[in-house]
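K.L.:
Dumping the structure here so I can ask a few things about it.
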Amino acid sequence: MNMIKRVGILTGGGDCSGLNPTIRGAVYRAQDYNYEVYGIQEGWKGLVKGNLSPLSLSEVKEIVDQGGTILGTSRLNPYKIENGIRQVLNSIKKFKLDAIIAIGGEDTLGVANKLFKEENVKLVGAPKTMDNDLSGTDYTFGFDSSVTWAIKAMRSLQDSGRSHRRIMILEVMGRHAGWVALFTGMASGADWTLIPEEKT
């Protein structure tokens with residue numbers, strides 16, 4: 022059995038809290054096994070363009086409290102561009118990656134799943150979405166922060182609404198999932214919370 026020696030790590034889709042601590046944790050854990058870690062810039066786009074570089078402990082040591090992702094991110098799907106998968110596989114071969122850690126949501130992990138099933142690429146998927154819409158998880162990282170900020174926004178709106186005797190509406194992110202809206206509404210005592218899962 023071949024031991025994995027070099028791992029690539031990428032972040033795809035929207036950014037959220039928790040990406041940099043996840044990157045840091047992966048690099049630290051890889052060092053425990055003497056694996057080399059390569060940072061893949063801007064998600065799958067980095068593998069398409071061959072934009073990878075070694076990622077050391079010193080580069081990730083102080084990133085726990087930083088928002089966003091030091092690797093950058095994009096929404097590029099290599100299956101949707103001409104020769105995208107061929108370029109991804111070429112980069113994996115060129116940089117001698119034995120496995121990839123893909124941190125992302127539905128789209129990023131969908132690409133990872135396809136690469137594993139169709140191309141036999143060794144992958145670890147770390148589910149990330151502020152929408153909290155990944156099955157098999159209670160809460161995804163990014164969700165708590167998005168609810169926290171939405172509650173702060175709601176409380177400001179409630180203060181203004183009371184002062185001016187107006188009805189205030191807050192629209193939050195979540196795509197097709199109403200978790201952020203639901204938790205924000207419950208925590209702030211909203212009179213009404215409309216979520217996409219509920220027919221009106």
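Residues 22 to 221 (the working numbering) make up the sequence shown, in order. No residue lacks a Cβ here, since even glycine has one placed at the ideal position from N, Cα and C.
1) For GLU57, which three-state DSSP category applies?
2) Roughly how many angstroms separate the alpha carbons of GLU103 and MET207, rounded to a whole number?
3) Is it buried or exposed for TYR160, if we count other Cβ within 10 angstroms and need 16 for buried?
4) Near ALA51, which residues of its chain fall below 8 Å by C-beta distance, leaving aside the five closest residues on each side in sequence?
5) How big is the Cα-Cα spacing for LEU191 and VAL81?
6) Using 8 Å as the cut-off, can you tell me whether the segment 159 to 173 makes contact with the segment 59 to 70, which would need three or more C-beta pairs spanning the two stretches below that distance?
7) Since I believe ILE44 is in contact with LEU92 (beta carbons under 8 Å), could you give me their beta-carbon distance rounded to a whole number of angstroms?
8) How about THR150 and GLY126: do their beta carbons lie closer than 7 Å?
P.N.:
The structure says:
1) Three-state DSSP puts GLU57 in a strand.
2) Cα-Cα distance, rounded: 46 Å.
3) Counting C-beta atoms within 10 angstroms of its own C-beta, TYR160 has fewer than 16 neighbours from the protein chains shown and is therefore classed as exposed.
4) The answer, listed in chain order, is VAL28, GLU57 and VAL58.
5) Using only the alpha carbons, I get a separation of about 36 Å.
6) Between the segment 159 to 173 and the segment 59 to 70, the count of C-beta pairs closer than 8 Å stays below three; the two stretches do not touch.
7) Contact flag correct, Cβ pair sits at about 7 Å.
8) Closer than 7 Å, so yes.
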